[in-house]
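**Q** Here it is, the structure, as structure tokens.
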Amino acid sequence: MPKALNGQAWTRYVWPMSGNPANRPCGPATGWVFSARPGRADAGGGGRIRGAGLTPAARRGLLAAAAGLALPLLLAGWLVPDPRGMGTHEQLGLPACGFYTRFGVRCPTCGMTTAWAHMVRGQVGPALRASAAGSLLAVVDAAGAAWLLVCAMWGRWWPAPLRPTTMAWIAGTAVAAALGEWAVRLVGHLVCSSGNL
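This is the structure we're talking about:
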């Protein structure tokens with residue numbers, strides 16, 4: 000049953016500790032959740048919060064997280080994409096890629112900053128040529144910032160809280176994309192090098 004705390008409606012939740020651990024949300028097993036509509040906060044199937052509101056502190060945390068994700072996009076908009084397809088990060092005073100300088104082959108992260116600088120300008124083609132994995136990360140980052148902002152402003156998770164398995168899947172996909180793209184470039188470099196012998 001909801002109860003009033005500081006003039007707000009809160010609802011007790013208890014998560015079952017049995018079943019698939021992947022379905023459990025981030026956070027304690029029991030506690031109180033803020034409900035913008037009294038009586039609407041309840042645990043749905045699969046361990047998800049359906050209609051559960053967020054505490055004011057949680058909403059501030061989501062706003063901070065959204066700002067953190069938006070910051071790299073703003074920085075990318077300030078940078079000028081390097082026509083080489085890589086090296087845009089050098090505008091920040093950072094050194095050139097040591098791997099490329101030594102071996103003449105781009106590292107897995109080469110071109111990502113350039114790809115972000117192109118993506119925020121809507122230049123998808125140049126972004127993909129600079130780094131397909133970096134372009135994907137830019138899209139995920141923008142979508143994540145927008146999603147966190149919507150949840151924070153609305154005061155509840157939509158459609159459900161982000162589970163650790165989902166975050167792990169996103170991170171794994173990004174790493175796999177970067178390594179896969181690098182492998183293709185490495186093979187292409189070796190083929191071109193052998194053809195010039």
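Okay, so the sequence shown: first residue is 0 according to this note's numbering, each after it adds one. Ideal placement from N, C-alpha and C gives every residue a C-beta, glycine not left out. A quick note: this is a predicted structure, and the numbers were derived from the prediction, not measured.
So for R162, helix, strand or coil by DSSP?
**A** Residue state, collapsed to three classes: coil.
**Q** Beta-carbon within less than 8 Å of Y99's beta-carbon, same chain only, minus the 5 sequence neighbours each way: which residues are those?
**A** Excluding residues within five positions, the ones whose Cβ falls inside 8 Å are M85, R105, C106, C109.
**Q** So, is N5 buried or exposed, given that buried needs 16 or more other C-beta atoms within 10 angstroms?
**A** Low local confidence applies: a pLDDT of 46 at N5 is under 50, so the model's placement there is unreliable, with the coordinate-based value given in what follows. Exposed is the call here.
**Q** Looking at the secondary structure, which residues open and close the alpha helix (DSSP H) in which A141 lies?
**A** Per DSSP, A141 belongs to the alpha helix (DSSP H) from 131 to 153.
**Q** Output needed for V79: all residues of its chain with C-beta closer than 8 Å, excluding positions within five of it in sequence on either side, in chain order.
**A** So the list reads T87, Q90, A116, once near-sequence residues are dropped.
**Q** For the alpha helix (DSSP H) containing H117, list its first residue and its last residue.
**A** First-last of the alpha helix (DSSP H) with H117: 111 to 118.
**Q** Once you ignore the five residues that flank A65 on each side, which residues in its own chain have a CB closer than 6 Å to its CB?
**A** A144, L147, L148.
**Q** Would A95 and T113 qualify as a contact pair, given that the criterion is a beta-carbon distance under 8 Å?
**A** Result no, Cβ atoms of A95 and T113 do not sit closer than 8 Å.
**Q** Short check: CB of L72 to CB of D140, under 8 Å?
**A** Cβ distance < 8 Å, so L72 and D140 count as in contact.
**Q** Whether or not the segment 167 to 179 and the segment 130 to 138 are in contact is what I'm after, with contact meaning three or more pairs of Cβ atoms, one per stretch, closer than 8 Å; do they touch?
**A** Touching, yes, given that three or more Cβ pairs across the two stretches are closer than 8 Å.
**Q** Measuring only the C-alpha atoms, how far is P163 from W156?
**A** For P163 and W156, the distance between alpha carbons rounds to 15 Å.
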